[in-house]
Every structure is written in C-alpha cells, then in structure tokens.
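Report on the following structure.
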Amino acid sequence: MEEQNILTTNNEQIADVLGMMHRANINAAKMTETYIPTMGGERLLTDRQLGEFLHASRKTLQIYRKEKMLPYIELKGKCLYKESDIERVLRKNYHAAI
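Numbered by the working numbering, the letters in the sequence shown go through residues -15 to 82 in order.
In structure tokens:
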C-alpha cells in the first residue's frame, strides 16, 4: 500500500507558505493605508495626509481653504490637494533665517 502524506499546518513547508502569506497581507494593508492617488501623474493628498505633513489639524486646513491660502479639489465633500500646489505655496511663503 502506498504511503499518503497529509499536509497540515504543522508541516514546515506549509507553515512557511502561511507565514509568507501573512507577511504579504500585512504589507498590502500598509501600502493601502499610505497610498496616494494620482491624477495625470500628479500626486493628490487627503486632508489627513496633508495635516500630518504640515502638522496641522483638519480645522486649520479648513481655515486655510476658506481664506484661499490652499488650493484644493473638492470631490463629493472630500478635499484633495495637488502635491505641486502645496509645494508652490510653501516655497512662496518660505522666509530664510537671517
């Protein structure tokens, strides 16, 4: 009678594959969290991403938008910011130390 090999999670090869799948799942989740959508090659930032970058609250960003300090795109109530626009605003308002 031919011996049958039953594969279980106790099998070293199966455990390795399951471990790789688990790590891939974690990496995919991290990539999803930090994904920045593009528009014609232009990176768009969300309120949360821009707030983290500028160390500013969402309320502060709302004030900047209201005072027309920050250009933005509003899509279904969600504000998006072109990375190049933000860079331009920062460069324009940069004051070198004396």
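Glycine included, every Cβ here is placed at the ideal spot set by N, Cα and C.
Nothing here was measured: the structure is a model prediction, and the numbers come from that model.
1) For T30 and T(-8), I'd like the C-alpha separation in whole angstroms.
2) Unbroken beta strand (DSSP E) runs of length 3 or more, entirely within the region -6 to 35: which are they?
3) Can E26 and K66 be called in contact, C-beta distance under 8 Å?
4) In the structure shown, what three-state DSSP assignment does K50 receive?
5) Check this for me: beta carbons of L28 and L45, under 8 Å apart or not?
6) Take the Cβ of Y19 as the centre, count every other Cβ of all protein chains shown within 10 Å, and call the residue buried at 16 or more, exposed below.
7) May I ask you to list the residues that DSSP assigns as paired with K66?
8) If you reduce the DSSP assignment to three classes, tell me which class L(-9) lands in.
9) Near Y56, which residues of its chain fall below 6 Å by C-beta distance, leaving aside the five closest residues on each side in sequence?
Quick look at the numbers:
1) Mapped onto the sequence shown, residue 30 falls at position 46. Mapped onto the sequence shown, residue -8 falls at position 8. Taking the straight line from one Cα to the other gives about 44 Å.
2) 26 to 30
3) Taking the first residue of the sequence shown as position 1, residue 26 is located at position 42. Taking the first residue of the sequence shown as position 1, residue 66 is located at position 82. Yes.
4) As a position in the sequence shown, residue 50 is number 66, starting the count at 1. Residue state, collapsed to three classes: helix.
5) Locating residue 28 in the sequence shown gives position 44, where the first residue counts as 1. Locating residue 45 in the sequence shown gives position 61, where the first residue counts as 1. No, these two residues do not count as a Cβ contact at 8 Å.
6) In the sequence shown, counting from the first residue as 1, residue 19 sits at position 35. Y19 comes out exposed.
7) For the purposes of this step, residue 66 is taken as the residue at position 82 of the sequence shown. Answer is L28, bridged to K66.
8) Residue numbering aside, residue -9 sits at position 7 when the sequence shown is read from its first letter. Residue state, collapsed to three classes: coil.
9) The sequence position of residue 56 within the sequence shown is 72, counting from 1. For Y56, same chain residues with a beta-carbon under 6 Å away, outside a window of 5 residues either side, are R49, C63, Y65 in chain order.
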